[in-house]
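Peer 1: In this note's numbering, the protein residues as written are 456 to 596. Here a beta-carbon is modelled for each residue, glycine too, at the ideal position from N, C-alpha and C. Here it is, the structure in full.
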């Protein structure tokens, strides 16, 4: 009995060393998914009643996020929302796409084809089923 007690009293560092894990290569942990990344980013950029960033823009499924520096804001969104996914360049070289294990995706284009503003497509698979675009636009006033 004493021997068993001794084994369970290993220092925490020793136990951790044998647990494995890590985030090298491929997808990182399942807890890092697009939905949780959206919740994290929503602490700085509030979501509307539909769970979308920004305010309604031109077009049915388009939102606008006003910013003093739209490109920097777009890059910040992409950096934070892409955590835990696999990111690669778009085939046309005009942006990046991140795909998550559940097939949710985000696409960031520094220059959109519609109006030239930085833009992002957000497609969340699962119960929320969000699918919309965000245009990062120059703050007015």
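1) Cα separation between residue 519 and residue 535?
2) Give the secondary structure of residue 478 by DSSP, where H, G and I count as helix, E and B as strand, and everything else as coil.
3) Mind checking who residue 576 pairs with in its DSSP beta bridge?
4) With DSSP run on the structure shown, which of helix, strand or coil describes residue 554?
5) Under three-state DSSP, which class holds residue 523?
Peer 2: Per the coordinate set shown:
1) 18 Å
2) Here residue 478 scores only 41 on pLDDT, less than 50, and its place in the model should not be relied on; the value that follows carries that caveat. Residue state, collapsed to three classes: coil.
3) 562 and 588
4) strand
5) coil
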